[in-house]
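Structure first, commentary second.
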Amino acid sequence: MRKVFLWTVCSVFMIAQSGWGISTRDLEIKKEGNRSVSLNIEIPERLASLDEIYEAPAKLDPKLLLHIQNAHGIYEAQLKIKELLDYLYEKYGFQLVFVEGAAEALDREYMRLFPDSDRNLAFADTLAQRGELTGVEYYLMNAPQDVEVIGIEQAELYRANYETFKKIYLSESLIQQFVNDYDARLEMLSSRYLSSDARRLLAEWKKFG
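Whatever position you read off the sequence shown (first residue = 1), add 86 for this note's numbering.
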């Protein structure tokens, strides 16, 4: 299990219609051929639910990656992420976490502003409640020393994407005008060419969207 990797692309989306995690699932991976092995990882239903398993082409030195989806800014989800990472470390020895939004290794000392751990953890909890600290960062505050959290971003591409986002956001009024004009044009064409039932169906489809 030393070579098992944990992939956190922003963290765990665990909110289901029925509550935290729909079921406890075993993740079983098998290798074909003479070196057949199986690996079982149990995900407790109180922490997360397993949505999908992807098995890559067979290779001699396979790696296991868990992709944890996140409900951003939701305090309860961040606590579950922290608890899940604790669980995976204690039971299966997961030591490496990859995160989005960072381009280098995260420094656990960065958030230790006070001389005692209790105040540091209380400060981290306050930030998590305000949506300013992720469950992974919260976990790193008090994680074992052999745990490493590494950012997967390329800073140049991240900056370029951010600049593009700003341009689109600042053009919101132009975009909305385009959408309004498009809707007006669609309404005119539908009244000219569609039956009343088709127009009613189109209106319901737009409301659903």
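Glycine included, each C-beta is placed from N, C-alpha and C at the ideal position.
Based on DSSP bridge pairs, tell me the residues matched to residue i.
| i | result |
| --- | --- |
| Ile236 | Phe184 and Ala191 |
| Glu290 | DSSP output for Glu290 lists no bridge partner at all. |
How many Å lie between residue i and residue j at the Cα?
| i | j | result |
| --- | --- | --- |
| Met227 | Arg194 | 6 Å |
| Ile238 | Glu223 | 15 Å |
| Phe251 | Gln240 | 17 Å |
| Arg285 | Gln263 | 23 Å |
| Gln155 | Ser259 | 32 Å |
| Val90 | Arg216 | Only weak support exists for where Val90 lies, its pLDDT of 38 falling under 50; the coordinates are left without a value. |
| Ser277 | Lys293 | 17 Å |
| Tyr255 | Glu169 | 36 Å |
| Glu118 | Glu138 | Low confidence applies to Glu118: its pLDDT is 46, below 50, so where it sits in the model is not reliable enough to give any reading. |
| Phe200 | Asp211 | 14 Å |
| Leu146 | Val265 | 53 Å |
| Tyr196 | Leu182 | 19 Å |
| Gly159 | Leu207 | 18 Å |
One question on the structure: do residue i and residue j come within less than 9 Å of each other, judged by their Cβ atoms?
| i | j | result |
| --- | --- | --- |
| Leu326 | Lys177 | Coverage of the chain is limited to positions 87 through 295, which leaves residue 326 absent and any answer about it impossible. |
| Leu171 | Gly221 | yes |
| Ala191 | Glu234 | yes |
| Gln164 | Ala229 | no |
| Ile129 | Ser135 | yes |
Contact defined as beta carbons within less than 8 Å: I believe residue i pairs with residue j. What is the distance between those atoms, to the nearest angstrom?
| i | j | result |
| --- | --- | --- |
| Phe180 | Ile236 | Rounded, the Cβ-Cβ distance is 13 Å, inconsistent with contact. |
| Leu272 | Leu280 | With 8 Å as the limit, Leu272 and Leu280 do not qualify as a contact, their Cβ atoms being about 10 Å apart. |
The alpha helix (DSSP H) that contains residue i, what's its start and end?
| i | result |
| --- | --- |
| Asn64 | Limits of the chain in this structure are 87 at one end and 295 at the other, which puts residue 64 out of reach. |
| Arg271 | Glu258 to Tyr279 |
| Gln164 | Tyr161 to Tyr178 |
| Leu226 | Gly221 to Met227 |
Are there any heavy atoms of the ligand HEM lying less than 8 Å away from the beta-carbon of residue i, as far as the coordinates show?
| i | result |
| --- | --- |
| Ala214 | The ligand HEM is absent from the structure shown, which contains no ligands of any kind. |
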